[in-house]
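Each protein sequence line maps, in turn, to chains A and B. Counted from 1, the first sequence has number 18 at position 9 by this note's numbering; the numbering is strictly sequential. Counted from 1, the second sequence has number 25 at position 38 by this note's numbering; the numbering is strictly sequential.
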Amino acid sequence: YKSETGHDEL
Amino acid sequence: MNIFRLAGDMTHLASVLVLLLKIHTIKSCAGVSLKTQELYAIVFATRYLDIFTSFYSIYNTLMKLIFLGSSFSIVWYMRYHKTVRRTYDREQDTFRHWFLVLPCLLLALLIHEKFTFLEVLWTFSLYLEAVAILPQLVLLQRTRNIDNLTGQYVFLLGGYRGFYILNWIYRYLTEPHFVHWITWIAGLVQTLLYADFFYYYFQSWKNNKKLQLPA
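Below, the structure is given as structure tokens:
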């Protein structure tokens, strides 16, 4: 599982 | 959104706005590296392509638009504004910035999480951001004497990096599966590049002197 949440950063 | 992330974003925003305001009001870009500013414009343009494909929050979209707008405005001022462009230290700002772009692109093609167009460009923007400050640091070293605003600009950018690292530690501890090696290593490299500058910045602040970098 790889989280996509890193992309919610600027 | 945690407090470190917000503080990081705000110092990042402040750094760009301080620079734009300086250029706009005093009509001078002395001491500012156009090479670094062009690299940041490329960083934002390649990273924020996802405003067309995914939506996170109004905050996220708004900030992306501000960063895109302000970075391209700075480049426009330095290249085309009839007064500002004359104050640009063209002869001193000689860093071959394309030599940073190509290796970063190559690295992004080799090391990424997913091989898709957006993901490779996003990864490229992380690598490029890590080294984009180099032309500015070289220019600071060459001109040695730095006016307060240019010093503050780099100081704020360094602050942004520091807060982002705290933000990653916080997210790693509080969010399940928050592991982003590429982002972290690129971010760490970027922060280390500021360490040298920070050393001299604090020295000058402690001694209450104008910031001078060694040749």
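Beta carbons are placed, not taken as given, at the ideal position from N, Cα and C, and that holds for glycine.
(request) Compare the C-alpha of Q209 (chain B) against each of B:K9, B:A117, B:L6 and name the closest. (result) With chain B covering -12 to 202 only, the question about residue 209 (chain B) has no answer from this structure.
(request) Give, in chain order, every unbroken run of the alpha helix (DSSP H) that is at least 4 residues long and sits entirely within the segment 103 to 185 of chain B. (result) Every alpha helix (DSSP H) stretch that sits fully inside the segment 103 to 185 of chain B and reaches 4 residues is listed by chain position as 104 to 118, 121 to 130, 135 to 161.
(request) Please confirm whether L36 (chain B) and L124 (chain B) have their CB atoms less than 9 Å apart. (result) No, these two residues do not count as a Cβ contact at 9 Å.
(request) Identify which residue in B:F142, B:I98, B:L175, B:L198 has its Cα closest to the Cα of N154 (chain B). (result) B:L175
(request) Just tell me which of B:S191, B:S20, B:V3, B:H167 has its CA closest to the CA of R129 (chain B). (result) Of the residues B:S191, B:S20, B:V3, B:H167, the one whose Cα lies closest to the Cα of R129 (chain B) is B:S20.
(message) Does any residue of chain A have a CB that is nearer than 9 Å to the CB of F54 (chain B)?
(response) yes
(request) Check each candidate in B:A(-6), B:G149, B:L127, B:R158 and name the one with the smallest Cα separation from L200 (chain B). (result) B:L127
(request) Less than 8 Å between the CB atoms is what I'm expecting for L115 (chain B) and S2 (chain B), so what's the real figure, rounded? (result) 17 Å between Cβ atoms; not a contact.
(request) Express the C-alpha separation of I120 (chain B) and H84 (chain B) in angstroms, rounding to a whole number. (result) 10 Å
(request) To the nearest angstrom, report how far apart I152 (chain B) and W168 (chain B) are at their CA atoms. (result) 12 Å
(request) Enumerate in chain order the residues of its own chain whose CB-to-CB distance from Y187 (chain B) is below 6 Å, with the five nearest sequence positions on each side excluded. (result) L200
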